[in-house]
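Novice:
Protein chains in written order, with my numbering: chain F, 1 to 123; chain Z, 1001 to 1128; chain D, 2001 to 2404.
#1: Please return the same chain residues whose Cβ sits closer than 7 Å to the Cβ of residue 2061 of chain D, not counting the five positions on each side in sequence.
#2: Hey, quick one: how far does the beta strand (DSSP E) through residue 176 of chain F stretch, first residue to last?
#3: Please report the Cβ distance between residue 2289 of chain D and residue 2324 of chain D, rounded to the nearest whole angstrom; I am assuming they are in contact, meaning their Cβ atoms lie under 8 Å.
#4: CA-CA distance, residue 2079 of chain D and residue 2085 of chain D?
#5: Using alpha carbons as the reference points, say which of D:2038, D:2366, D:2045 and D:2331 lies closest to residue 2120 of chain D.
#6: Which whole-angstrom value is the C-beta distance of residue 2278 of chain D and residue 2106 of chain D, which I expect to be below 8 Å?
#7: In whole angstroms, what separates the C-alpha of residue 2011 of chain D from that of residue 2376 of chain D?
#8: In terms of residues, what are the limits of the alpha helix (DSSP H) holding residue 25 of chain F?
#9: Would you say residue 66 of chain F and residue 54 of chain F are within 7 Å of each other, going by their C-beta atoms?
#10: Per DSSP, residue 33 of chain F is paired with what?
#11: Helix, strand or coil for residue 1016 of chain Z per DSSP?
#12: Name, in chain order, the residues that DSSP records as bridge partners for residue 16 of chain F.
#13: Taking 7 Å as the threshold (beta carbon to beta carbon), is residue 57 of chain F in contact with chain D?
#14: With DSSP collapsed to three states, give me the class of residue 51 of chain F.
#15: Is residue 2132 of chain D near residue 2327 of chain D, with beta carbons less than 7 Å apart?
#16: Out of D:2018, D:2045 and D:2348, state which residue places its alpha-carbon closest to the alpha-carbon of residue 2282 of chain D.
#17: Check distances from the C-beta atoms of the stretch 2244-2259 of chain D to those of chain Z and list, in chain order, the residues that come in under 8 Å.
#18: Throw me the rounded Cβ distance for the residue 2188 of chain D and residue 2397 of chain D pair, which I believe falls under 8 Å.
#19: Using only alpha-carbon positions, find the residue among D:2341, D:2373, D:2356 and D:2274 that is nearest to residue 2364 of chain D.
#20: Give the DSSP-derived three-state secondary structure of residue 2180 of chain D in the structure shown.
#21: For residue 1117 of chain Z, is the classification buried or exposed, using 16 other Cβ atoms within 10 angstroms of its Cβ as the cut-off for buried?
#22: The stretch 94-114 of chain F: which residues have C-beta closer than 8 Å to a C-beta of chain D, in chain order?
#23: Which residues in chain D have a C-beta closer than 9 Å to the C-beta of residue 13 of chain F? List them in chain order.
#24: State yes or no: is the C-beta of residue 2168 of chain D within less than 7 Å of the C-beta of residue 2037 of chain D?
#25: If you measure from the beta carbon of residue 18 of chain F to each beta carbon in chain D, is any gap under 7 Å?
#26: Can you check whether the C-beta of residue 30 of chain F is within less than 7 Å of a C-beta belonging to chain D?
#27: Check whether the stretch 2053-2060 of chain D and the stretch 2286-2305 of chain D are in contact - that is, three or more C-beta pairs closer than 8 Å.
#28: Which residues bound the alpha helix (DSSP H) around residue 2353 of chain D?
#29: For a contact meaning CB atoms closer than 7 Å, what does residue 2266 of chain D contact in chain Z?
#30: Which chain D residues are close to residue 1113 of chain Z, counting only those with a beta carbon under 9 Å from its beta carbon?
#31: Reducing DSSP to helix, strand and coil, say where residue 2373 of chain D ends up.
#32: Relative to the alpha-carbon of residue 2045 of chain D, which residue among D:2352, D:2368 and D:2366 has its alpha-carbon at the smallest distance?
#33: Buried or exposed, going by whether 16 or more other CB atoms sit within 10 Å of the CB of residue 2236 of chain D?
#34: Look up residue 2380 of chain D in the DSSP assignment and say whether it is helix, strand or coil.
#35: With a 10 Å radius around its C-beta and 16 neighbouring C-beta atoms as the bar for buried, classify residue 2273 of chain D as buried or exposed.
#36: At which residues does the alpha helix (DSSP H) containing residue 2029 of chain D begin and terminate?
Written as structure tokens, this is what we have:
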């Protein structure tokens, strides 16, 4: 991706993530930066998940929402992190070089499909 | 905090307005409510006689009317108004109740002419 | 020629979907209690809705984003949670009201008590959402909804004093029962300015892949369609005023309204009323359930199209199923649909600023609507009407709850 200045909060956070096939794979719930001991901070991952969302809420609500997020989590490891190297384009949406159906991004979708909706005839 | 104060003020104002209904106003309110249900019964009677509404619906509506009149009777019982007003209100309520019961009975018997005479009797009695 | 067809379809869609249990109940109550006096509330509510629906379409056409999606992106998740929760709670109450209306229509026709119909009605609505595509639902509900024109016909045939009708399009102060007057006024506005319509409309526009060239047509269809819808509400008010007011019948329980069309249409009028109520409510149930599912799905970034198999949009499907069930439970408990309707309409008015203020900010943000920003007039009209509705709501709702 070419050198472009991106306002993280305004243009990346909460935006829709689109996968390789143009399908939505969730929203940017958080942004992860890493500090090396003697290097400037770098953006390393985009983060998705109920846990991330819970941590953005006002302090009094956090314990309850964190509990809820962990209870409802269907992923092996929550939150799910996407390395920034996978970002193809940032614009109206954020294009990611991944196949969402094979990534943990759609974990809860698959769970609901397999355990609830898929069990109803005619789905 | 300012907004909270405003809302509290609004609620208090409302409470004040509510409790501030004079006895005369509350009596008038009861008269209006009773008239409404009496007239509903009247309308149901007219429509049923003219075969414009099904019997099941007519019966159900009259049952509702009786429930509402009964609820009103209880409310009047606990109103802080003078005894003669209370007595008058309960008397006219009892008459409305009778009217509705008679009509319901005529409809249950599928008796058009009985229904007609119930309505005529009510008109003769209550020229308001 | 094709444009004309598009416009006609859009107009028809708007008219057919306008009248539902909220506008029916509030207009009927208004007419019976205050004659033509509250026509201004319908006019104000409809005017505001026209502006909002047009904006909703414009946002979708220019930004290619839905209202819910744009709100999360522009304001962030912590803020978005507020309208999400508020609109979901409100949505369930409104859905229960519409479902209740549908069940009452069935009660009218069959004599079987309305709570018994809830599981069946619920299942019917769910099945339609499960099986049908967006186009079928939108067009089907709207075309069937045209039956509500019977109210306009009835109003015409009752020969109201049209100059009095016109006069009351302007606000006037109540002569009696002041508290009730303002409460019904605010319920009327809440019934007209339904936020769920905005989420539904913008989702439809994105689903139909609108572009900037659709903006002018949208303006026309939104205006004409919603105006006709408002006229239908006024028709209900007129009929109620001419049938119930002279006798002093106040609409306190739903049973009373059902006789509304019998003076004009005789026995057929009874069944026409039930049919109009049932069809209008059924369409509304579908729209409200979908709107809430759209809001959740778009807010969290799930797939959300109605044109896919349910298993491919599993969370979206679960969302509308859950909201239908929640609404159904409320109806099955036996909560009085009329009381629930009036209350949820008034609550809608009180919660409007939560939905509308961020929306207005979006409509003035060039990053979302480019050069198609709101004019100052639109901003003032919407702000003004929503502001008025909010103020009346917070004063009159406590009053009504305490007095009623």
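Quick reminder that beta carbons are idealized off the backbone N, C-alpha and C, glycines included.
Specialist: The relevant details are as follows:
#1: 2205, 2210, 2211, 2212, 2214, 2215 and 2218
#2: The displayed coordinates of chain F run from 1 to 123. Any statement about residue 176 of chain F would go beyond what the structure contains.
#3: 5 Å
#4: 11 Å
#5: D:2331
#6: 7 Å
#7: 26 Å
#8: Taken as a continuous stretch (DSSP letters only), residue 25 of chain F belongs to no alpha helix (DSSP H), being part of the beta strand (DSSP E) at 24-27.
#9: yes
#10: F:43
#11: Here residue 1016 of chain Z scores only 43 on pLDDT, less than 50, and its place in the model should not be relied on; the value that follows carries that caveat. Three-state result, residue 1016 of chain Z: helix.
#12: F:27
#13: yes
#14: helix
#15: no
#16: D:2018
#17: 2247, 2248, 2249, 2250, 2252, 2253, 2255, 2256, 2258 and 2259
#18: With a Cβ gap of about 14 Å, residue 2188 of chain D and residue 2397 of chain D do not count as contacting.
#19: D:2373
#20: helix
#21: exposed
#22: 108, 109, 110, 112 and 113
#23: 2073, 2076 and 2077
#24: yes
#25: no
#26: no
#27: no
#28: 2337-2363
#29: 1052
#30: Here the premise fails: no neighbours, minimum Cβ distance about 20 Å.
#31: coil
#32: D:2352
#33: buried
#34: helix
#35: buried
#36: 2021-2034
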